[in-house]
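In the working numbering, the protein residues as written are 18 to 278.
Heads up, the beta-carbon is just placed ideally off N, CA and C, and yes, glycines get one too.
Keep in mind it's a predicted model, so treat the numbers as computed, not measured.
Heads up: the structure comes next, in structure tokens.
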Ligand code: PGA
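Structure (structure tokens):
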């Protein structure tokens, strides 16, 4: 069973799906179904596209929902001539809690590097947002037997010069790239082994105390049908869910992971 010291989080990454009207419909459905016991057990987080965030904030505020929300990316810069970018202070103004940083799709399609990921982590912290840092190996790296080394080096680079008092609060999502959107899911044991390795790395870089606080998620083809065995691993504190989170009924079943087979 997941460590009781850390509240599990189920994070739905919508990617480039759902406009603001669809977001409102989705939230209304979730609000109708979620009960206090769900929120007490598991933090429910959604990561809509930027254009939905204002609408998401409005529904959540009006109905006093306990759902939290994050941005799928954040600019490393404070303001200025950066066409198309969104700053941490803009997100904070919309009461965004999390900034997802370094998702493999951003690393692959937008050429994000370990250095830019580190700069974005610092930008999030500076604006009082919680970084959710995505790390994980590609199939080539896994087949070469370098998954752990690669993933831990991404963790170390993302946290470069980040002070320890911030590290305990943040979230690290282990997402093997070969498992994202493919239907291929890591075994629960693989998810546990990598999560434990990440926690040990944080302990080495900071302290055992900090490492015990960091929440580590698994991501990659998580569904209601496989979430329970992953969540039963002691170092896995939640999941980052793409495709399956687009269906509110399926996301609800994932949030209620202890009830799943
Ligand atoms: P998936 O995506 O659940 O569709 O595999 C996960 C992610 O990219 O965060």
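Residue 227: member of the alpha helix (DSSP H) spanning 225 to 230, first to last residue.
Per DSSP, residue 41 lies in no beta strand (DSSP E) segment; the continuous alpha helix (DSSP H) that holds it begins and ends at 37 to 50. Per DSSP, residue 268 lies in no beta strand (DSSP E) segment; the continuous alpha helix (DSSP H) that holds it begins and ends at 265 to 272.
151 is the residue among 155, 70, 151, 39 whose C-alpha sits nearest the C-alpha of residue 173. Taking all protein chains shown into account, residue 251 has fewer than 16 neighbouring C-beta atoms within 10 Å of its C-beta and is therefore exposed.
If you check the CB distance, residue 56 and residue 83 come in under 8 Å. Bridge partners of residue 152 according to DSSP: 191.
Of the heavy atoms belonging to ligand 1, at least one sits nearer than 7 Å to the Cβ of residue 192. Annotation for residue 105: the continuous alpha helix (DSSP H) segment containing it runs 105 to 110.
Within the segment 65 to 138, the complete alpha helix (DSSP H) segments at least 4 residues long are 70 to 79, 105 to 110, 121 to 126, listed from N- to C-terminus. Residue 249 sits in coil when the DSSP states are folded into three classes, being neither helix nor strand. Taken through DSSP and simplified to helix, strand or coil, residue 166 comes out as helix.
Ligand 1 never approaches residue 87 closely enough for any of its heavy atoms to be under 7 Å from the residue's Cβ. DSSP, reduced to helix, strand and coil, places residue 28 within a strand of the structure shown. The beta carbons of residue 169 and residue 195 sit no closer together than 8 Å.
By the Cβ-count criterion, residue 33 is exposed, with fewer than 16 other Cβ atoms from all chains shown falling within 10 Å of its own Cβ. With a cutoff of 8 Å on beta-carbon distance, residue 193 and residue 218 are scored as not near each other. In this structure, residue 164 lies away from residue 234, with their beta-carbon atoms at least 8 Å apart.
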